[in-house]
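Below is one structure, written out as structure tokens, with a few remarks after it.
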Amino acid sequence: MREYPQVSHHGGAAGVTGSCHRLRLSDDRALLVDCGLFQGQDADHADGFGQLRVTFPVEDVLALVVTHVHIDHIGRLPYLLAAGYAGPILCSLPTARLLPLVIEDALKIGFTRDRGLIERFLAEVAGRLVALPYRAWHTLVDDSRHRVRVKLQRAGHILGSCYVEVDVLARDGGASGRTIFSGDLGAPYAPLLSAPRAPWGCDTLVLESTYGDRRHEARRHRRARLEAAIDRALANGGTVVIPAFSIGRTQELLYELETLIHRATDRRWRDLEIIVDSPLAARFTAVYRELKPWWDAEAHARLRGGRHPLSFANLYTVSSHEEHERTVAYLAESHRPAVVVAASGMVSGGRVVNYLKRMLGDPRHGVLFTGYQGAGTPGRDIQRYGPRGGWVALDGERIDIRARVETVSGYSAHADAHDLLNFVRRMRHPPRHVRLVHGERHAQQALRETLLAWAAEKGHGMDVTLGADFPNA
Ligand SMILES: [Zn+2]
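Laid out in structure tokens, this is it:
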């Protein structure tokens, strides 16, 4: 007989995209956590469309829990419903507000332009969403076989993000226990968000490992580095292009840029234009503003001081495609310094590509990366080859890189190796089983070493398995 609960994966076991994890409670009952899209190298699959199709069983799924609205965690939702999944979608209140916007955008890009179809689908999703408050148990089933409860806790990764505690009481002789799915964990001191707190404890932890082999540079230096990078552009009369995800990173950057402009004594800074060129990011920013109750204490202090961290005078939003084209052409030629924030965050598509095609060849301009660049993405190539005068292929075109390429890693929305270790060691009852997911193999291996060294020192029995050793089911 098999021992339940068991954890398996339909994505996100090895790479950092396509997150989809299954907690099996019995032969006919399971829980899904996230259902994300594959991107970059993870999406280079012999059968691209086949990879999107949901071929795993959905009839046994009691609920889908969504940890946050990044596309690599929810992007396969349309395919999941198409495959016949008819259960609820559990998430936090802010996620329930943000999710329809992301799905609508994903549908327009990858599925259909048919307005009627999109509306119907969104109505279907809205009917399934169950918004849960943080830190409260929600009972999913309570019958003669199981009691299953779910609790969401703040993950500090983007607004609405959570890690998920699943408490299983098996009344039919199966194994009971608590499993925690970390989702994506944030790092301390994220703009707008309070840091995640470690849970009380669990038996099994499914832990992300994006930066399992790295430490972030001092986060207190990051604002200065952001300022310095923009200062250089001000001096050169160039544009600083910041590729950023529309959700989360864009709003964090706006928050930081408002800080720098607010403090500036230099006129050039006070006049600096900050351009958000992404209709989606603009809509998200508007919703982020409505979700103020979930902002952290520092952001609330600013609001009380009469400041508007996400809607300040220097901020411009570009919406229509025509306006976008005009802005690209204007900034590429003019000598007026500006900062452009545009998606996608890894340059794998979106409007940022048009900026970079025009600007990468000119040393007056700069590209500033503030987020993780997945293997196989153009962002990773620019980051890697740019500083040595290399090139990158964008839209099938070879672009030589002469613009400055810089990376400020202190803005990562992900916990680093030290934060991940803290998440485990600050538990009152640390897990006996850890499965590392959402990281490249070398990151998983490094984090396993770190966790095992800590467990050995503590005399705590713990096994750590790598998602990379468990091929997607
Ligand atoms: Zn994420």
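In numbering that gives the first Met the number 0, the protein residues as written are 0 to 472. Using N, Cα and C, we set each Cβ at its ideal position, and we do this for glycine too. Remember, predicted model here, so these are calculated numbers, not experimental data.
Beta-bridge partners of residue i, as assigned by DSSP
{"i": "residue 276", "result": "317"}
{"i": "residue 257", "result": "Answer is none; residue 257 lacks a bridge partner."}
{"i": "residue 20", "result": "8, 32"}
{"i": "residue 396", "result": "393"}
{"i": "residue 341", "result": "242"}
{"i": "residue 464", "result": "434"}
{"i": "residue 145", "result": "169"}
{"i": "residue 153", "result": "161"}
{"i": "residue 137", "result": "149"}
{"i": "residue 385", "result": "Bridge partners of residue 385: none, in fact."}
{"i": "residue 368", "result": "406"}
{"i": "residue 73", "result": "According to DSSP, which records beta bridges pairwise, residue 73 is partnered with nothing at all."}
{"i": "residue 210", "result": "415"}
{"i": "residue 25", "result": "28"}
{"i": "residue 91", "result": "131"}
Under the three-state DSSP convention, the category residue i falls into
{"i": "residue 67", "result": "coil"}
{"i": "residue 110", "result": "coil"}
{"i": "residue 45", "result": "Because residue 45 carries a pLDDT of 42, less than 50, the predicted location of this residue cannot be relied on, and the following value inherits that uncertainty. Looking at residue 45 - three-state DSSP - the assignment turns out to be coil, as it is neither helix nor strand."}
{"i": "residue 197", "result": "coil"}
{"i": "residue 457", "result": "helix"}
{"i": "residue 380", "result": "helix"}
{"i": "residue 374", "result": "coil"}
{"i": "residue 0", "result": "Its pLDDT being 48, under 50, residue 0 is placed unreliably in this model, and the value from its coordinates should be taken loosely. Looking at residue 0 - three-state DSSP - the assignment turns out to be coil, as it is neither helix nor strand."}
{"i": "residue 131", "result": "strand"}
{"i": "residue 62", "result": "strand"}
{"i": "residue 188", "result": "coil"}
{"i": "residue 425", "result": "coil"}
{"i": "residue 178", "result": "strand"}
{"i": "residue 311", "result": "coil"}
{"i": "residue 52", "result": "coil"}
{"i": "residue 305", "result": "coil"}
{"i": "residue 203", "result": "strand"}
{"i": "residue 116", "result": "helix"}
{"i": "residue 336", "result": "coil"}
{"i": "residue 290", "result": "coil"}
{"i": "residue 451", "result": "helix"}
{"i": "residue 84", "result": "coil"}
{"i": "residue 124", "result": "helix"}
{"i": "residue 283", "result": "helix"}
{"i": "residue 323", "result": "helix"}
{"i": "residue 15", "result": "coil"}
Residue i beta carbon near ligand 1 (any heavy atom closer than 6 Å)
{"i": "residue 69", "result": "yes"}
{"i": "residue 183", "result": "yes"}
Beta-carbon spacing of residue i, residue j below 7 Å
{"i": "residue 185", "j": "residue 195", "result": "yes"}
{"i": "residue 336", "j": "residue 236", "result": "yes"}
{"i": "residue 89", "j": "residue 64", "result": "yes"}
{"i": "residue 137", "j": "residue 128", "result": "no"}
{"i": "residue 161", "j": "residue 177", "result": "no"}
{"i": "residue 331", "j": "residue 357", "result": "yes"}
{"i": "residue 246", "j": "residue 239", "result": "no"}
{"i": "residue 209", "j": "residue 428", "result": "no"}
{"i": "residue 400", "j": "residue 359", "result": "yes"}
{"i": "residue 327", "j": "residue 354", "result": "yes"}
{"i": "residue 109", "j": "residue 72", "result": "no"}
{"i": "residue 386", "j": "residue 407", "result": "no"}
{"i": "residue 218", "j": "residue 188", "result": "yes"}
{"i": "residue 207", "j": "residue 417", "result": "no"}
{"i": "residue 435", "j": "residue 465", "result": "yes"}
{"i": "residue 477", "j": "residue 329", "result": "The chain is shown from 0 up to 472; residue 477 falls before or after that span and cannot be answered."}
{"i": "residue 24", "j": "residue 53", "result": "no"}
{"i": "residue 347", "j": "residue 369", "result": "no"}
{"i": "residue 345", "j": "residue 395", "result": "no"}
{"i": "residue 190", "j": "residue 257", "result": "no"}
{"i": "residue 125", "j": "residue 87", "result": "no"}
{"i": "residue 480", "j": "residue 233", "result": "Within the shown structure, residues of the chain are numbered from 0 to 472, placing residue 480 beyond reach of any answer."}
{"i": "residue 242", "j": "residue 351", "result": "yes"}
{"i": "residue 205", "j": "residue 69", "result": "no"}
{"i": "residue 169", "j": "residue 145", "result": "yes"}
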